[in-house]
Amino acid sequence: GQQVMQIPQYQHVQEGEDFTTYCNSSTTLSNIQWYKQRPGGHPVFLIQLVKSGEVKKQKRLTFQFGEAKKNSSLHITATQTTDVGTYFCAGLAGTASKLTFGTGTRLQVTL
Amino acid sequence: NAGVTQTPKFQVLKTGQSMTLQCAQDMNHEYMSWYRQDPGMGLRLIHYSVGAGITDQGEVPNGYNVSRSTTEDFPLRLLSAAPSQTSVYFCASMSLLWEQYFGPGTRLTVT
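So the protein sequences, as listed, match chains R and S.
In terms of our numbering, the first sequence opens at residue 33 and continues consecutively.
In terms of our numbering, the second sequence opens at residue 1288 and continues consecutively.
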């Protein structure tokens, strides 16, 4: 079945440093989504990418979808303590109705 | 507009007991799903529904039943609870743009 892997599993940065998490799918995706989950909270939808090579920005967050539509990345510039949480990618393959979530990257930011 | 609601927030069951986790959404979304989240495992899809009267299995359906009699409600039934079902359960609904909205979760412990 479809597998979605994320690296790293955990990253600890100092406030102001940049952060990147990578998502890789075993199959070609029709779209990819990113979610953020704060400690003790529920996943919150951030963004969806659909087109090959697509790049979208939300303030300090930059999302990319690979040319082959099998990988994606989330980059945070100048992290803040409010960025703490776990970031998940989730992919939809072909005409399937099922989203497959990656294992997540937990981000810790300290002053 | 409450979004996605789940009850109960916490539940402790003994092995062999059955129970129903409730989920409701007021956004008129056709697509709803149930996930379980275990440490280090990300979110795994249990069951999903693309509309009233239609349900299908996800990645980890064993031990769980669902039904979808209305657009709003999507309950998850544990038939005979086992310690391996100790987890956090999230219900979600998805818009036509494939944006998924999660409920606050139910933390279930089976002893």
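Even glycine gets a Cβ: it sits at the ideal position worked out from N, Cα and C.
Computed from a predicted structure; not experimentally measured.
Can you tell me which of the options puts its alpha carbon nearest to the alpha carbon of residue i?
i         : options                                  : result
S/Ser1382 : S/Ile1333, S/Met1319 and S/Asp1360       : S/Met1319
R/Gly123  : R/Pro71, R/Pro40, R/Ile39 and R/Tyr67    : R/Tyr67
S/Leu1395 : S/Ile1333, S/Glu1386 and S/Ala1369       : S/Ala1369
S/Gly1340 : S/Ala1289, S/Leu1365 and S/Phe1361       : S/Phe1361
R/Gln46   : R/Gly126, R/Ile108, R/Gln65 and R/Leu131 : R/Ile108
Alpha carbon to alpha carbon, how far is residue j from residue i? Give it in angstroms, no decimals.
i         : j         : result
S/Val1281 : S/Gln1298 : Outside the shown range of chain S, which is 1288 to 1398, sits residue 1281 of chain S, and nothing can be said about it.
R/Ala100  : S/Gln1372 : 37 Å
S/Val1291 : R/Phe133  : 19 Å
S/Glu1386 : R/Ile39   : 23 Å
R/Ser129  : S/Glu1346 : 12 Å
R/Leu143  : S/Thr1393 : 33 Å
R/Phe97   : R/Ser58   : 14 Å
S/Ser1305 : S/Asn1352 : 11 Å
R/Lys102  : S/Phe1389 : 25 Å
R/Pro71   : S/Pro1326 : 12 Å
Quick test of your reading: residue i and residue j, contact by CB under 8 Å. State the CB separation rounded to the nearest angstrom.
i        : j         : result
R/Phe120 : S/Leu1330 : 7 Å
R/Met37  : R/Asn63   : Incorrect: roughly 18 Å between the Cβ atoms, too far for contact.
Show which residues of chain R have a CB atom less than 9 Å away from the CB atom of residue i.
i         : result
S/Gln1387 : Gln65, Tyr67, Pro75, Phe77, Ala122 and Leu131
Tell me whether the beta-carbon of residue i lies closer than 9 Å to the beta-carbon of residue j.
i         : j         : result
R/Lys88   : R/Leu81   : yes
S/Thr1357 : S/Glu1317 : no
S/Cys1378 : S/Leu1363 : yes
R/Gln140  : R/Gln43   : yes
For residue i, go through chain S and note every residue whose CB falls closer than 8 Å to its CB, in chain order.
i        : result
R/Thr135 : Gly1327, Met1328 and Gly1329
Under 9 Å Cβ-Cβ, which residues of chain S neighbour residue i?
i       : result
R/Gln80 : Leu1384, Trp1385 and Glu1386
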